[in-house]
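Student: Quick one: this structure, given as C-alpha cells, is what I'll be asking you about.
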Amino acid sequence: MILIDGKKTADEIKKEIAIEVKQIISTGKRAPHLAAVLVGHDGGSETYVAFKIKDCEEVGFRSTLIRFDDDVTESELIAKVHELNNDDELDGFIVQLPLPKHISEQKVIEAIDARKDVDGFHPENVGRLVLGLPAFLSATPFGIVELLKRYQIPTSGKNCVIVGRSNIVGRPLSILMSQKAVNATVTVAHSQTKNLNQVCAEADILIAALGSPEFIKANMVKEGAVVIDVGTTRVSAPDTKSGWRLKGDVKFDEVAPKCSYITPVPGGVGPMTRVSLLQNTLLAARSNG
Ligand code: NAP
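Per our numbering: the sequence shown = residues -11 to 277.
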C-alpha cells in the first residue's frame, strides 16, 4: 500500500508556482493577485480564507481580503463583485461559501466574471469543463486529478466510482475523470444508489465524497483499489486542543491494507484543493499578462 502524500505534492507544486512568480516579476510585471470575499464570522470559513491568504504569501502572490458583516445585502455583495470584476489589478477572486441564508449563492456566483472565477463555480466554467474546453476547474476535482497524475496512477480504462454528486466535488470530478486525458469509466453514486456496497466494491478507483465519517468500510473496497478520501468532517475529540479532529469518509485502518494507493485525512486531498486555487490564479494571471 502506498500512502498518497497530498501535503508533499502540494508543497512541490507551490515551489513550481513560486519559481514562475519570480520569473513574472523579473520581467517587470506585477505579482499574480487573488482576492477573497468573506461574509460573517463562520469559524470554518475564517480558517479556509486564512489558509488561502497564507498560501498566497508563500508563493509570492499578492492577496486581498474583503470582509462584510452577516447583514450585508445581496445587492451590496453583488456590487462588490462587479467592482472586483472591473479591477485590472486583480487576476481572480473567490467569494467564500456558504453565504448567509438571505443571499442567493447562485446569483453571486453568476455575477462573477468567468475570467476571474478561480473557484471554477461559474456556469460558464462548468460548461467549458463539460465541453473539454480550457476552463477554471473546481479546486478539489482539479487537485484529485493532479494527485493521480503526479503519482502516475493508471486511470485509462479503469472503473472509477465516485460517491457523491455535489456541484463542487462529485459532479465536476466525474466529468474530469471521464475526459480523454484521464479515460476512466465513471459511475456516480449518491444517496439513492441501490447496492452501494457492491457498486463500490467493483471500483478500481474509489473516490469518497459524501461527508459521512468512516462510511466506506473494507467490505466496500476491492483488493488493490486506489482509494481517494475527500471527506472532511469535524468530529468531537476532547483529547485535542481544538476539541475536534478531521475524519475522512473512509475507515482508514481497515481499508488501507486492501489498497494499492490511499489518501489520508488530513494530508491527502485537502492540501491539493488549496494549491489548485493558486494554480487557477496563476492561470488567470498568465492570461492577463
Ligand atoms: P454535499 O454537497 O453534502 O454532497 C454530498 C453527496 O454525497 C451528495 O451527492 C449525497 O447524495 C451523497 N451522499 C450523502 N450520503 C450518502 C450516502 N449515505 N450514500 C451515498 N451517497 C451519499 O458534500 P460536498 O460538498 O461534496 O462534500 C463532501 C465531503 O467532502 C464533505 O465531508 C466535505 O467537507 C468534504 N470536502 C473536502 C474538500 C477537501 O478539500 N478535502 C473539499 C470539498 C469538500 P444526494 O445528492 O443524493 O443527496
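By construction, the Cβ of each residue, glycine as well, lies at the ideal position given by its N, Cα and C atoms.
Could you check if S51 belongs to the surroundings of the ligand NAP, using beta carbon to heavy atom distance under 7 angstroms?
Tutor: Your numbering for residue 51 matches position 63 in the sequence shown. The answer is no for S51.
Student: Considering only heavy atoms of the ligand NAP, does any lie closer than 7 angstroms to the CB of V118?
Tutor: By one-based count along the sequence shown, residue 118 stands at place 130. V118 Cβ: outside cutoff for every heavy atom of the ligand NAP.
Student: Is Y139 helix, strand or coil by DSSP?
Tutor: As a first step, residue 139 is located in the sequence shown; it is residue number 151 there, counting from the start. The three-state reading of DSSP puts Y139 in coil, since its state is none of H, G, I, E or B.
Student: When the Cα of M260 is compared with those of V209, R274, A6 and V218, which residue comes out closest?
Tutor: Position 272 of the sequence shown, counting from 1, holds the residue named residue 260. It is V218 whose Cα lies nearest to the Cα of M260.
Student: Relative to the ligand NAP, is the shortest distance from any of its heavy atoms to the C-beta of G219 smaller than 7 angstroms?
Tutor: Position 231 of the sequence shown, counted from the first residue, corresponds to residue 219. Because some heavy atom of the ligand NAP lies under 7 angstroms away, the Cβ of G219 counts as near it: yes.
Student: So, under 8 angstroms CB-CB, V106 and G80 are touching, yes? Tell me the CB distance rounded to an integer number of Å.
Tutor: On the sequence shown, position 118 is the one that residue 106 refers to. On the sequence shown, position 92 is the one that residue 80 refers to. The Cβ separation is near 3 angstroms, so the contact holds.
Student: Rounded to a whole number of angstroms, what is the C-alpha to C-alpha distance between F56 and I13?
Tutor: Position 68 of the sequence shown, counted from the start, is the residue given in the question as residue 56. Position 25 of the sequence shown, counted from the start, is the residue given in the question as residue 13. For F56 and I13, the distance between alpha carbons rounds to 32 angstroms.
Student: For I12, does the three-state DSSP call read helix, strand or coil?
Tutor: Position 24 of the sequence shown, counted from the start, is the residue given in the question as residue 12. I12: helix per DSSP, three-state reduction.
Student: If contact is defined by three or more beta carbon pairs under 8 angstroms, each pair taking one atom from either stretch, is the stretch 171 to 187 in contact with the stretch 215 to 231?
Tutor: no
Student: Which term fits R274, buried or exposed, when burial requires 16 or more other beta carbons within 10 angstroms of its beta carbon?
Tutor: As a first step, residue 274 must be located in the sequence shown, where it is residue number 286. R274 is exposed by the Cβ-count criterion.
Student: With three or more C-beta pairs closer than 8 angstroms as the rule, is the stretch 93 to 113 touching the stretch 61 to 75?
Tutor: yes
Student: So, helix, strand or coil for H21, using DSSP?
Tutor: Here residue 21 refers to the residue found at position 33 of the sequence shown. H21 falls in the strand class under three-state DSSP.
Student: In three-state DSSP terms, what is S248?
Tutor: As a working mapping, residue 248 is identified with position 260 in the sequence shown. Looking at S248 - three-state DSSP - the assignment turns out to be strand.
Student: Would the C-beta of L198 count as close to the ligand NAP, meaning under 7 angstroms from any of its heavy atoms?
Tutor: The residue labelled residue 198 in the question sits at position 210 within the sequence shown. Yes - the ligand NAP has a heavy atom lying nearer than 7 angstroms to the Cβ of L198.
Student: Report yes if the C-beta distance between A172 and T143 is below 8 angstroms; otherwise report no.
Tutor: Locating residue 172 in the sequence shown gives position 184, counting from the first residue. Locating residue 143 in the sequence shown gives position 155, counting from the first residue. Yes, the Cβ-Cβ distance between A172 and T143 is below 8 angstroms.
Student: Per DSSP, what are the beta-bridge partners of K235 in this structure?
Tutor: Counted from its first residue, the sequence shown places residue 235 at position 247. Answer is T221.
Student: Would you check if the distance between the CB atom of G255 and the CB atom of K(-5) is smaller than 8 angstroms?
Tutor: Here residue 255 refers to the residue found at position 267 when the sequence shown is read from its first residue. Here residue -5 refers to the residue found at position 7 when the sequence shown is read from its first residue. Yes, they are a contact pair.
Student: When burial is assigned at 16 or more other CB atoms within 10 Å of the CB, is E202 buried or exposed?
Tutor: As a working mapping, residue 202 is identified with position 214 in the sequence shown. E202 should be labelled buried.
Student: Comparing alpha-carbon positions, which option in R262, I1, E34 and S166 lies nearest L322?
Tutor: Residue 322 lies beyond the residue range present for the chain, which begins at -11 and ends at 277; the question has no answer from this structure.
Student: Going by the DSSP bridge assignment, what does G80 pair with across the sheet?
Tutor: Taking the first residue of the sequence shown as 1, we reach residue 80 at position 92. G80 is bridged to L22.
Student: Once DSSP output is grouped into helix, strand and coil, what is the label at I132?
Tutor: Here residue 132 refers to the residue found at position 144 of the sequence shown. If DSSP states are grouped into helix, strand and coil, I132 belongs with the helices.
Student: Do V69 and I91 have their C-beta atoms within less than 8 angstroms of each other?
Tutor: Translated into positions along the sequence shown, residue 69 becomes position 81. Translated into positions along the sequence shown, residue 91 becomes position 103. No; because the gap between Cβ atoms is not below 8 angstroms, this pair is not in contact.
Student: Among the residues of its own chain, which have a CB less than 6 angstroms from the CB of L164, if the five just before and after it don't count?
Tutor: Numbered from 1 along the sequence shown, position 176 holds the residue referred to as residue 164. Excluding positions up to five away in sequence, the list reads P129 and V133.
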